[in-house]
Every structure is written in structure tokens, then in C-alpha cells.
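Enquirer:
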Amino acid sequence: MIRFIVRRLLQSVPLLLVISLLIFALIHAAPGGPLSTYLENPNVRPEDIERLRRAMGLDRPLGVQYLSWLRAFVQGDWGFSYADGRPVLDRLVERIPATLELIGVACVMALLAALPVGIIAAINRRFDRVSSVFAVAGISLPVFWFGLLLQLVFAGALGWLPSSGRTSFDGGDVADRAAHLVLPATVLAAALSAAWSRYLRRAMRDTVARPFMRAARARGLSQRTLLLHHALPNALPTFVTVVLLDISMMASGAVVTESIFAWPGIGSLFTEALGKRDYAVLMAFLMCGSIAVMVLNLVADLAVHALDPRTRDAA
Amino acid sequence: MSASAYTGVPATRAPLIAGVLLGVLLLGAALAPVLAPYAVDALDLANRRAAPSMRHWFGTDELGRDLLTRVLFGARVSLAIGLVSAMVSAAIGAAVGSIAGYAGPLADDVLMRITDAMLAIPRLPLLMIAAAVLQPSVPVLVLLVGLAGWMETARVVRAEVLSLAARDFVSAARAIGASPARVVLRHVLPGVLPAAAVATTLAVGRGILMESALSFFGVGVQPPTASWGNMLYQAQTTMTSEPWLAIFPGAMIFLTVLACNAVGDAIGAATS
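Residue numbers (this note's numbering), protein chains in the order written: chain A, -8 to 306; chain B, 626 to 897.
1) Is T850 (chain B) helix, strand or coil when you go by DSSP?
2) Could you list which residues in chain B have their beta carbon closer than 8 Å to that of F64 (chain A), in chain order?
3) Listing by chain order, which chain A residues have their CB less than 9 Å from the CB of M864 (chain B)?
4) Tell me which residues share the same chain as M737 (chain B) and place their Cβ nearer than 6 Å to its Cβ, disregarding the 5 neighbours each side in the sequence.
5) I'd like to check one pair, L132 (chain A) with L227 (chain A): are the Cβ atoms closer than 8 Å?
6) State buried or exposed for L318 (chain A), treating a residue as buried only when at least 16 other CB atoms are found within 10 Å of its CB.
7) Which stretch, first to last residue, makes up the alpha helix (DSSP H) that contains E867 (chain B)?
8) Please return the same chain residues whose Cβ sits closer than 6 Å to the Cβ of G830 (chain B), not counting the five positions on each side in sequence.
9) Whole angstroms is fine: what's the gap from V817 (chain B)'s alpha carbon to A126 (chain A)'s?
10) Output yes if chain B places a C-beta closer than 8 Å to the C-beta of S281 (chain A); else output no.
11) Given a threshold of 16 other Cβ atoms within 10 Å of its Cβ, counted over all protein chains shown, does P761 (chain B) qualify as buried or as exposed?
12) Indicate whether the contact test is met: 3 or more Cβ pairs, each with one atom in the region 92 to 102 of chain A and one in the region 174 to 194 of chain A, closer than 8 Å.
13) In terms of residues, what are the limits of the alpha helix (DSSP H) holding F261 (chain A)?
14) Is there contact here, the region 243 to 251 of chain A with the region 194 to 205 of chain A, by at least three beta-carbon pairs under 8 Å?
15) Examine chain B for any beta-carbon lying closer than 8 Å to the beta-carbon of P255 (chain A), and answer yes or no.
16) Roughly how many whole angstroms lie between the Cα atoms of R215 (chain A) and S123 (chain A)?
17) At 7 Å on the CB atoms, spell out the chain B contacts of S131 (chain A), in chain order.
18) For M753 (chain B), return the contacting residues in chain A, with the cut-off set at a CB-CB distance below 7 Å.
19) Assign L91 (chain A) to one of two classes, buried (16 or more other C-beta atoms within 10 Å of its C-beta) or exposed (fewer than that).
20) Less than 8 Å between the C-beta atoms of L260 (chain A) and V272 (chain A), yes or no?
21) Interface residues of chain B around I10 (chain A) at Cβ under 8 Å?
22) Could you pull the DSSP bridge partners for D691 (chain B) from this structure?
23) Please report whether the beta-carbon of P764 (chain B) lies at a distance below 8 Å from any beta-carbon of chain A.
24) In terms of DSSP beta bridges, what is P78 (chain A) paired with?
25) Can you give the Cα-Cα distance for L12 (chain A) and Y57 (chain A), rounded to whole angstroms?
26) Within 8 Å of any Cβ in chain A, is that where the Cβ of P750 (chain B) sits?
27) Look at the Cβ atom of I746 (chain B), then the Cβ atom of S281 (chain A), and state whether they are nearer than 8 Å.
28) Could you check if F794 (chain B) is buried or exposed, using at least 16 other CB atoms within 10 Å of its CB as the buried criterion?
29) Kindly indicate which residue of A:P300, A:R301, A:A283, A:V295 has the alpha-carbon position closest to the one of I10 (chain A).
30) Under three-state DSSP, which class holds G774 (chain B)?
31) Is the beta carbon of A757 (chain B) closer than 8 Å to that of L265 (chain A)?
32) Short of 6 Å in beta carbon distance, which residues of its chain neighbour G771 (chain B), apart from the five on each side in sequence? Order them along the chain.
33) Short check: CB of L693 (chain B) to CB of P662 (chain B), under 8 Å?
34) Would T262 (chain A) and N225 (chain A) qualify as a contact pair, given that the criterion is a beta-carbon distance under 8 Å?
35) Given 8 Å as the limit, is there contact between the region 694 to 707 of chain B and the region 727 to 735 of chain B, that is, 3 or more CB pairs closer than that?
36) If you follow the alpha helix (DSSP H) that S59 (chain A) is part of, which residue opens it and which one closes it?
Spelled out as C-alpha cells, the structure:
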């Protein structure tokens, strides 16, 4: 088991190197590179820019710059935000709890919807038709538009819920925070639950068609026992894998949802940094997003391991 | 999200409706100059910020421009970006996938690691940085969206190529002395077409979503050119007073992506 984890972690090292190279190359392809903010500022003299360029080591060959960036990154020195001069790592870390809260609640909501819908759709044809229309619609929904519509209806016209932020200015009690969570979490959960209910339906269908299910049914087991104790455990490994991989790609969803609802997480930190061309923050964000994908890939493998006894010997 | 999320949708008339809808959208975009009730930059100063009415079906914006006209012209930009970027993705994906699947384990390993790496980088944020850095024109934007979306196709094509390459008719072609390029182009790739078609249809919808997301953040298609995404971007600040400015362009994005996904599903169901 530990050997498996170590091997997987070692395999992800070259992948991360490729990713970091791609990101580094992109950011340095910018006209003016990381200094472009200063180039656009008429108050900064050319000689100042030259001085900054040398101070930040931007006059060295690109390969050298990359290696020194990489060494610092591995040591936890992620540079300083150009926007406010604070360490990038600090800025990211203080935003992470809000994002985890949002994603966590959205995932729970999506699972609560997807589990019953996926299971019932696998066995009931009429329900399947209706739910599949909603599922394809949910997958096709532009997140930012859906967010704006919810704001318009529930925060604007009806005035039931706050339209943005994580707490009110004076607030901060549980009810206030929950009210702020409803709309952004719903937006994130909509697309996820649509996709997940489809995956689960498919995995359940494949399982229900297998001979052992017919044998169990022939033994006179109830529909409930059949589904929950025989089919679901078999469908679960594939489903859990897909769910974890989807969660790992939440960085994109968080960027959109957080900036619409002014949710103070790393997604809105990204859009702020993009507006200021704060490259140190942007780069750290992309690296963290990629690392999250890889870590959750590993977690997915381990989860399948735990859920499916048949895979244990292979490792 | 991957194609497997959709497969197995029960047979209904939905794909037909979706296909007709896509056809109507394409026609509407192509004929925009004829169909649009007003000139694309015509200002109706007496009716600025007007709600939908008989005179302006979709209402007007802060300059008194007719929203229906802008939505029609925006369709040209948004659909073109979706279609062309999907073709760019399909071409790169087919090339990467067939080389990885046919050229041996070394090429396979290298190409698939690059594909994995590209898939691991958060796509929308990456595109947002690229677009902010390069400030692309529409053609460059198409290229960027296409470059960011070939990985799914590459994986699908590789899997198909691997399974087809083991079949007897491919061995036979090789046995009579066909070159590897000929074997791939004439014997293997035609068999990959159905799967690639599904991936490409889904990529059209994804491309439109990407363009609109980029434009929504102000780094995609730049005004005065109208795209559905940048119309939403401009509508954002006046959402409460002029909601129609956001509702119609967003609904167009939604319907178009929905139609692409439904058609992609149908192709997948019909060919598998």
C-alpha cells in the first residue's frame, strides 16, 4: 500500500515539472513579462524598470530563471505578490478555508441529489427520461449565467437571500453565513449533481445487468436489498472515482462562482490577481490547482482500493 | 466533463429537436445581416434601455442598440469560435491520439504524459491568463480555445486506435506492405471517426462555453464586436434594472450548448 502511494507520488514528479514549465513559459511570453504592470504605469521611469528587472533577476537567461524559481517553489518560497508585497503563500493560505467551505457544501448538496436520482433512474424508465433531460440541461448550463439569474431572482426580485459575500458587515452568526452560502453552493452543485447522477445511473445499470444480480433476485431478495446491498457496492468504485476527479477540477468552477458572488476564496483571489497581472499569485494558483488534481487522482485510486476488494491483490 | 456522462440517454425525439435547433441557429447566424431588424450599430436614442417590446423584441441596451440584432450578430462570433476551435481540437487530438496509439510505447508514453499534464492544469484559469497576456484577436482566441481542448479527443482516438490496430484487417494491410502512414490514414482513422465525431461535437459546446466565460471576464472577444459572452459581461452591472440584457445572450449560450450536447449524445448512442 505504502509502496503504491510512494510510486504514484514519484510518477507525478515529472508531470508536475512539465506543468510548471508550461505555466512558466506562458507567463514569461507576456510582453514585458512579469513587469508589464510597471510598463503600463506612466509614473515608473524606464531606468526604474531596468533596476527592477535586474533586482528580480529577469535579465538572466530564461532557463536559469526557471531553475531558481523551481528551487524556491519547492522550498516553500513562492515569491511576493506584486499587488501588496505580501508572500504569495500567505495570501493563498488565508483564502483556502472559504473555498473549501464552498466546495464542501456544494459537493454534499450535489451528492444528496445525485445518489437518489442516479439510483432511481437506473431502474425506472419514466423517471429516467425526465431526469436525463434535467441532467443534460444541468451539464450545459453556463455557470456564470445561472449565477446571475439566481442573484436576479432570489437576491433581487424576491430579496430572500444575500447576493454576495461570505457574511454581512455586522453579521457572522451561523444563520447569516448559511444564507450567504446558499446561492453560490447551488450554482456549483447544479452542474455536479447533473453529471454525477448520470455516472451513477450508468454504473448502476451496468451492475444490474450482471448475472449475480439475476441470481440474487431469483433468491427472492427485496428490491431494496438488491439495489442498496448488492448493486450499489458494485457501482460505487467507478462512481467515487468520477466524483473525486470532478472535485479535483473545481478550480475552474470556483473561479467563476466566487467572482460572481464575491466569495472571498482562492477563486476570487485569482480574478483579482488577473486584473492586476499579479503573476506570482497566478502561477501559484495554477500550480496548486494542478497539484490538487494529482492528489485527488491518487485519493481516487486509494478509494477504489478500499471499496473494491478485487483490486487489492493487483497492487 | 467527459463524454461518458451522457451516453445511454433514452431514445427520444430530443436529438432531432436539438439538430433542428442547431440548424436554425447556424442559419440565423449566417443570415444575420438579412434577418436582423436593425443595422448592427444603429442607435435608437429615443428608446435606450428599453424593455422587450414589439418594436425591440429583446429590448435595447444603454446606447439604444437593438438586442435581437446584437444577439444575431453575436451568434456569428460565438458559433464560429465554437466550431473552429472544435476543429482545431479535433485535428490536434486526432494527430496526438493516433501517433500515441500507433507509433509504439515510447511515443505513447511521452504524448500521454503531456496529455495528462494538460488535463491537470485548471483549464479556464489557464486560458484566462493566456488571453489576458496575449490580448488575442478573434482568430487567435479560436486557436487558444482549440489548443486548450484537444486532450479529450486525443484520449478517445488513442483508445480506438489501440483497439483497431490489433484487428486482423490492419495486420493484413501491414502484411501486404502498406506504410505505417497509409495504414493509419486509410485503415485505422476511418474506424475512429464515430468516436472522434462525438468528442468533437461535445467540444463545440465546450468551446462556446469557454469563449463566453473568457468574454464574461473581459479577456475574450473585445467590444465593439458582439459575442454572447461579452454581452453578458456588459450586462452584469445593470442586471437589476435591465435584466433582459443578460437573460437573452445567456439563454442563447445555454440553448446552443444544450443542442451540441444532445446531438453529441445521439451520435454516440447511434454509433456505439
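From the three backbone atoms N, C-alpha and C, an ideal C-beta is built for every residue, glycine too.
Expert: The structure says:
1) For the purposes of this step, residue 850 (chain B) is taken as residue 225 along the second sequence, with counting starting at 1. In the structure shown, T850 (chain B) sits in coil (DSSP, three-state: anything other than H, G, I, E or B).
2) Against the first sequence, residue 64 (chain A) aligns to sequence position 73. Chain B residues near F64 (chain A): none, gap ~15 Å exceeds 8 Å.
3) Indexing the second sequence from 1 puts residue 864 (chain B) at position 239. By Cβ distance, chain A contributes L139, Q142, L143, G147.
4) The residue given as residue 737 (chain B) occupies position 112 in the second sequence. Contacts found: A725.
5) Numbered from 1 along the first sequence, position 236 holds the residue referred to as residue 227 (chain A). Numbered from 1 along the first sequence, position 141 holds the residue referred to as residue 132 (chain A). No, they are not a contact pair.
6) Outside the displayed span of chain A (-8 to 306) sits residue 318 (chain A), for which this structure offers no information.
7) Start at 1 with the first residue of the second sequence, and residue 867 (chain B) comes out as number 242. Note, E867 (chain B): premise wrong, no alpha helix (DSSP H); not H, not E.
8) By 1-based counting over the second sequence, the position of residue 830 (chain B) is 205. V882, C885, N886.
9) Counted from its first residue, the second sequence places residue 817 (chain B) at position 192. Counted from its first residue, the first sequence places residue 126 (chain A) at position 135. Roughly 27 Å between the two C-alpha positions.
10) Here the question's residue 281 (chain A) lines up with position 290 in the first sequence. Answer yes: the Cβ-Cβ gap between S281 (chain A) and chain B drops below 8 Å somewhere.
11) Taking the first residue of the second sequence as 1, we reach residue 761 (chain B) at position 136. Result: buried.
12) yes
13) Position 270 of the first sequence, counted from the first residue, corresponds to residue 261 (chain A). Per DSSP, F261 (chain A) belongs to the alpha helix (DSSP H) from 257 to 266.
14) no
15) As a working note, residue 255 (chain A) is residue 264 in the first sequence. Cβ-Cβ to chain B under 8 Å: no for P255 (chain A).
16) Within the first sequence, the letter at position 224 stands for residue 215 (chain A). Within the first sequence, the letter at position 132 stands for residue 123 (chain A). Rounded to whole angstroms, R215 (chain A) to S123 (chain A) spans 23 Å at the Cα level.
17) As a working mapping, residue 131 (chain A) is identified with position 140 in the first sequence. Simply G830, F879, V882, L883, N886.
18) On the second sequence, position 128 is the one that residue 753 (chain B) refers to. Those are L265, listed as they occur along chain A.
19) On the first sequence, residue 91 (chain A) is found 100 positions in, with the first residue counted as 1. By the 10 Å Cβ count, L91 (chain A) comes out exposed.
20) Position 269 of the first sequence, counted from the first residue, corresponds to residue 260 (chain A). Position 281 of the first sequence, counted from the first residue, corresponds to residue 272 (chain A). Yes. Within cutoff.
21) Walking along the first sequence from the start, residue 10 (chain A) turns up at place 19. The contacting residues are A742, A745, I746.
22) Counted from its first residue, the second sequence places residue 691 (chain B) at position 66. Answer by DSSP bridge pairing, in chain order: B:T685.
23) For the purposes of this step, residue 764 (chain B) is identified with residue 139 of the second sequence, where counting begins at 1. It does not: the Cβ of P764 (chain B) has no partner Cβ on chain A nearer than 8 Å.
24) The residue given as residue 78 (chain A) occupies position 87 in the first sequence. For P78 (chain A), which the question treats as bridged, DSSP gives the partners A:F71.
25) Translated into positions along the first sequence, residue 12 (chain A) becomes position 21. Translated into positions along the first sequence, residue 57 (chain A) becomes position 66. The alpha-carbon atoms of L12 (chain A) and Y57 (chain A) are separated by roughly 8 Å.
26) Translated into positions along the second sequence, residue 750 (chain B) becomes position 125. Closer than 8 Å: yes.
27) In the second sequence, residue 746 (chain B) corresponds to position 121, counting from 1. In the first sequence, residue 281 (chain A) corresponds to position 290, counting from 1. For I746 (chain B) and S281 (chain A), yes; Cβs fall inside 8 Å.
28) As a position in the second sequence, residue 794 (chain B) is number 169, starting the count at 1. Flag for F794 (chain B) reads exposed.
29) As a first step, residue 10 (chain A) is located in the first sequence; it is residue number 19 there, counting from the start. Taking only the C-alpha atoms, the option nearest I10 (chain A) is A:A283.
30) Locating residue 774 (chain B) in the second sequence gives position 149, counting from the first residue. Note: G774 (chain B) maps to coil in three-state DSSP.
31) Locating residue 265 (chain A) in the first sequence gives position 274, counting from the first residue. Locating residue 757 (chain B) in the second sequence gives position 132, counting from the first residue. Yes, they are a contact pair.
32) The residue you call residue 771 (chain B) lines up with position 146 of the second sequence. So the qualifying residues of the chain are S710, V713, S714.
33) For the purposes of this step, residue 693 (chain B) is taken as the residue at position 68 of the second sequence. For the purposes of this step, residue 662 (chain B) is taken as the residue at position 37 of the second sequence. In contact: L693 (chain B) and P662 (chain B) (Cβ atoms closer than 8 Å).
34) For the purposes of this step, residue 262 (chain A) is taken as residue 271 along the first sequence, with counting starting at 1. For the purposes of this step, residue 225 (chain A) is taken as residue 234 along the first sequence, with counting starting at 1. It is not a contact, given that the beta carbons lie outside the stated cut-off.
35) no
36) In the first sequence, the residue the question calls residue 59 (chain A) occupies position 68. S59 (chain A) -> alpha helix (DSSP H) spans 53 to 65.
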